[in-house]
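Have a look at the structure below before the remarks.
Residue numbers (my numbering): 166 to 324.
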């Protein structure tokens, strides 16, 4: 009898939960590790206060990642999607993108929009693989090092 290659793997149960005040410090810690120019507490707090969709991807007590999205008229704008550095390159960004698309469709959205740094090739690759297409560029959109600014690629995905 041939051994089952999946038999020795532990089952990883993941779930989505909305961000709460109690979990905000954990999100801020991941944000600081994952980004050179991380969002601040007030950025997340403003999103919570405005009722934006802020979902955490959890496995047990481990925070795998999170996304923040803003609903508009027939569209959803992805404001932040982050995978914790120790969980990157394991497919979690794709899982969150699929969950976001499912939620957006349920909201009646026809489009997903986002901006990404022109220099963030890994993120751009993930977005393109998910079906996003570049539709523009925003000059000097993001803060960069030494007081400079970095352009953003504007992308959209039709739901």
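Don't be surprised by glycine CBs; every beta carbon is placed ideally from N, CA and C.
I'd like to check one pair, residue j with residue i: are the Cβ atoms closer than 8 Å?
i	j	result
residue 257	residue 222	yes
residue 275	residue 324	yes
residue 317	residue 280	yes
residue 220	residue 249	no
residue 177	residue 213	no
Under DSSP, the alpha helix (DSSP H) around residue i begins and ends at which residues?
i	result
residue 283	Premise fails: residue 283 is in no alpha helix (DSSP H) and is neither H nor E.
Can you tell which of the options has the C-alpha that lies nearest to the C-alpha of residue i?
i	options	result
residue 182	261, 287, 281	261
residue 266	281, 228, 214, 218	218
residue 273	287, 237, 307	237
residue 283	177, 306, 297	306
residue 230	239, 216, 246, 215	246
residue 285	270, 268, 309, 193	309
Provide the residue span of the beta strand (DSSP E) that contains residue i, from first to last.
i	result
residue 220	218-224
residue 186	From DSSP, residue 186 is part of no beta strand (DSSP E); its letter is neither H nor E.
Distance, Cα to Cα, residue i vs residue j?
i	j	result
residue 180	residue 233	16 Å
residue 302	residue 241	18 Å
residue 300	residue 278	10 Å
residue 190	residue 319	30 Å
residue 201	residue 195	12 Å
residue 259	residue 188	23 Å
Any beta carbon of chain B sitting closer than 8 Å to that of residue i?
i	result
residue 184	No chain B appears in this structure, which consists of one protein chain only.
TODO: Just list the alpha helix (DSSP H) runs in the stretch 229-314, keeping only unbroken ones of 4 residues or longer that don't cross its boundaries, in chain order.
DONE: Complete alpha helix (DSSP H) runs here, min 4: 257-271, 286-294.
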